[in-house]
Amino acid sequence: TRARNSCVCFVQAYKLKRDSDVNKKRQYQSFIYWHNGDMAGKLYCGFGNRTTWIFLTHSKKHRIITTRSWDDNKVNAFLADLKHAPWSLVDSFDNVDNAFVTKLVVDGEELSDKRDIANSLNEYFTTIASSLLASHQSHEYLAAPQQENDPVISTNTFKFRVLNEDDVFNVLQTMDISKATGADNISAKVLKTAAPYISKVVSNIFNACYQYGRFPSSWKTARVTPLFKGGSKTDRDNRRPISVLPCISKAQEMFANLDLQEFAAENNLIGDHQFAYARNSSTTAALIITVDSWKFAIDKGEKVVCTFLDLRKAFDIIDHDILISKLSKSGVTGNELKWFTSYLHERKQYVSCEGVESQRRLITHGVPQGSVLGPTLFNIHINGIADACKDSEAALYADDTEIHASSKDIDVAEQRVNQDLENIVMWWNQNGLISNHKKCEAMLIGSRYTVKNTRELQIILDGNPMKQSEYYKHLGVYIDNCLTWNKHITYIKSRVYPKLKLLNRISHFLSRN
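One gets the numbering used here by counting positions in the sequence shown from 1 and adding 2 to each.
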């Protein structure tokens, strides 16, 4: 197609210009340290001579002072440039490489070859969605007939706006040059520097993609780095895939995402109960509104039955056909729907591990990780959860769901929550989502007297009793059943103490100013 050919020509022209103009030089970072070649020679020649030893000792001290002074200037300059993230400097002194993989154990077999490790990780990451769905017996696509009967959400029609040279120039100029480069090897720095010269061409490519309903296949390949989460380092399940997409693809996604968010806001495609990836919203807003609702009920003498729900690999197991069906019912039709279909389908990824790349593998489920558009598509997909809650209140932050009901009669509040949990489980099954039962917990919230003198809750989720907890970590904050915040204060102290130790380790580099 015209869009694909334009994209290919653009990439080829860039590579030709890069190879002809750029002198490739390997740069080595100098390391300032007192024990250099000159010092080593003097030590060798003067060994056993006390006069030389005294001289070298004083010289060593001078070198160390000079080195610390240099490091002091470097640290202060770093802090001046990164006032918004000073802890990143402190954390860098830990020298922990979470992407380092030396071996894996898969089905009892030990893998130590780098390419075998990369291929094994990529296979695991790309098949985890289908494996989860296959093991979940209730997903025998209840989803398909349900989607056909879904009501039309919006009668308005979504359209991409036509982009001009200035639109693209402004986006390219705002690119963060510190971001990683994708599989096409065109960095954000190159795009930002060349913005005055390529904006017209790039705007034509973007408009052609919209016009013909195609997303270039070369922009749909992700480079994945497997970061260690914790636990056994030889277990693939303890690796989190971090995807990096081509920078130019994310530039087009910015425009598509802006158009889709505006359309979603105008047509109420994403409800007020969703606090993630929304303008003027945050985890703080979600917590404040939720806690205020609990406190209001407690002040009226009511007991609050609350449940915290979690989904397994929610972003990774989304069925593309279900999501496309939701978009079509939301007013996305014609070439716009074709563009979103092309954007989701036939994506590939490879794992980059220790400088070795795995084979490319097809991604069959999920919204693209590391993308600009993915979070908005996820919000549209999961929006119906709140509609399933008839007798309780719901608050969502992405896939983290909290529902609660309150009443002076604990039986009434409990019944309301249980009924809505049945509705939610049915909605999950119809939309291809799976609960993470181990992380789903219930809590009775009230005064100390109420909590102490109320029976244990009987909350059922998908036929299984939910664990009742005295506290739960929700959106990064520990919430206890009496809202005292003591647990969270203890948690913050435990997090701050190691940071203070790190600061103490580097304190000799820092000036009092």
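All C-beta atoms in this analysis are idealised placements derived from N, C-alpha and C, irrespective of residue type, glycine included. Note that the structure is a prediction, hence the values are computed from the model and not measured.
| query | result |
| --- | --- |
| Exposure label - THR176; buried when at least 16 CB within 10 Å | exposed |
| Secondary structure of THR285, DSSP reduced to three states | helix |
| As assigned by DSSP and simplified to three states, the class of ASP186 | coil |
| Per DSSP, the bridge partner or partners of THR227 | ILE244 |
| Beta-carbon spacing of VAL307, HIS439 below 8 Å | no |
| Limits of the alpha helix (DSSP H) - the one that ILE207 falls within | 197-214 |
| Inter-residue spacing [alpha-carbon to alpha-carbon] between TRP36 and PHE230 | Bear in mind that a pLDDT of 46 at TRP36, under 50, signals an unreliable position, so the number given afterwards is only what the model happens to contain. Each residue's alpha carbon lies about 35 Å from the other. |
| GLN175 - containing alpha helix (DSSP H), residue span | 167-175 |
| Under 8 Å between C-beta atoms of LYS222 and GLU348 | yes |
| Inter-residue Cα distance where the pair is GLN432 and ILE387 | 11 Å |
| Residue burial classification, VAL103 (beta-carbon count within 10 angstroms, cutoff 16) | buried |
| Proximity below 8 Å, CB of ALA266 to CB of ILE188 | no |
| Alpha-carbon to alpha-carbon, LEU379 and THR128 | 20 Å |
| Cutoff 8 Å; reference THR335; Cβ partners in own chain excluding five residues on either side | THR159, PHE160 |
| Beta-bridge pairing of ILE482 - partner residues as DSSP gives them | Checking the sequence, you will find Asp at residue 482 rather than Ile. ASP482 pairs with TYR473. |
| Contact under 8 Å by Cβ, GLN207 with ALA190 | At residue 207 the sequence reads Ile, which differs from the Gln that was named. No, Cβ-Cβ distance for ILE207 and ALA190 is not below 8 Å. |
| Own chain, CB closer than 6 Å to ARG363, minus 5 neighbours either side, in chain order | ASN124, THR128 |
| Near the ligand SAH: SER354 beta-carbon under 7 Å from a heavy atom | With respect to small molecules bound, the structure shown includes none, and the ligand SAH cannot be examined in it. |
| From CYS355, VAL108, ARG418, residue whose alpha carbon lies closest to that of SER234 | VAL108 |
| CB contact flag (HIS476, GLU404, <8 Å) | yes |
| Residue range of the unbroken beta strand (DSSP E) whose run includes PHE310 | 305-311 |
| Contact between the segment 266-276 and the segment 423-431 (3+ Cβ pairs under 8 Å) | no |
| CB-CB length for ALA253 against LEU174, believed under 8 Å | 6 Å |
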